[in-house]
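Asker:
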Amino acid sequence: MKEKQCRNHTALRKILQDYIAYAEENPNEYRILFLSVETLGRLELSREDLQERNPAFGALFKCVETAIKAGVLQGEAFAVSTVLWTAAHGAASLLITAQKFPFSSRRLYAEEVVATILSGVQSRVITRI
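Residue numbers for the sequence shown follow this note's numbering, beginning at 141 and rising by one.
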């Protein structure tokens, strides 16, 4: 994502929606990467390691950092990125594990989650987690 694109919510929205879409399109891979108890239990990464080793989080972090510098968001970049990423992760996990959940539209659900979390981080200053 180009730095200029991250100066508004459009780029952040795309990153988060793409993350959720990846989970739906690749549910087995997503489960192995993110829903395995063993994998999460051994997670011993620094903030820098997470940004470098996880391409999805790294791209989101860079975009959030740019948005903060541009005045679109406020707070500490890692904290804001983590809140956005974990919310998108929760939505993605629900979509692939609750196949019979009575969504009127799975796509609209994902879009609403992303719009809601972006609205939330825009109206708050997240400095610590």
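Don't be surprised by glycine CBs; every beta carbon is placed ideally from N, CA and C.
Counting beta carbon pairs with one atom in the stretch 142 to 160 and one in the stretch 249 to 269, are three or more of them shorter than 8 Å?
Answerer: yes
Asker: Name, in chain order, the residues that DSSP records as bridge partners for I257.
Answerer: In the DSSP output, where bridge partners are listed per residue, I257 has none listed.
Asker: Go through its chain and collect everything with a Cβ distance to E164's Cβ below 6 Å, but skip five positions before and after it.
Answerer: L235
Asker: Put Q214 into one of helix, strand or coil per three-state DSSP.
Answerer: strand
Asker: Rounding to the nearest angstrom, what Cα-Cα distance links L180 and F197 in this structure?
Answerer: Only weak support is given to the placement of L180: the predicted model assigns it a pLDDT of 48, under 50, and the value that follows is read from those uncertain coordinates. Their Cα atoms are separated by approximately 15 Å.
Asker: Got a sec? Which residues, its chain only, sit under 8 Å from R264 by beta carbon, not counting five neighbours each side?
Answerer: Q214 and G215
Asker: What is the DSSP secondary structure of I266, reduced to helix, strand or coil?
Answerer: Strand at I266.
Asker: Give a yes or no on whether 7 Å exceeds the smallest Cβ distance from F241 to chain B.
Answerer: Chain labels in this structure do not include chain B; a single protein chain is all it has.
Asker: Nearest-angstrom Cα distance between G260 and V220?
Answerer: 10 Å
Asker: Under the assumption that I160 contacts A238 (Cβ atoms under 8 Å), give the Cβ distance between them as a whole number of angstroms.
Answerer: Contact doesn't hold; Cβ gap of about 14 Å is too wide.
Asker: With burial defined as no fewer than 16 other Cβ atoms inside 10 Å of the residue's Cβ, what is the status of I266: buried or exposed?
Answerer: It is buried - the Cβ of I266 has at least 16 other Cβ atoms within 10 Å.
Asker: Between I172 and Q262, what straight-line distance do the alpha-carbon atoms span, to the nearest angstrom?
Answerer: 32 Å
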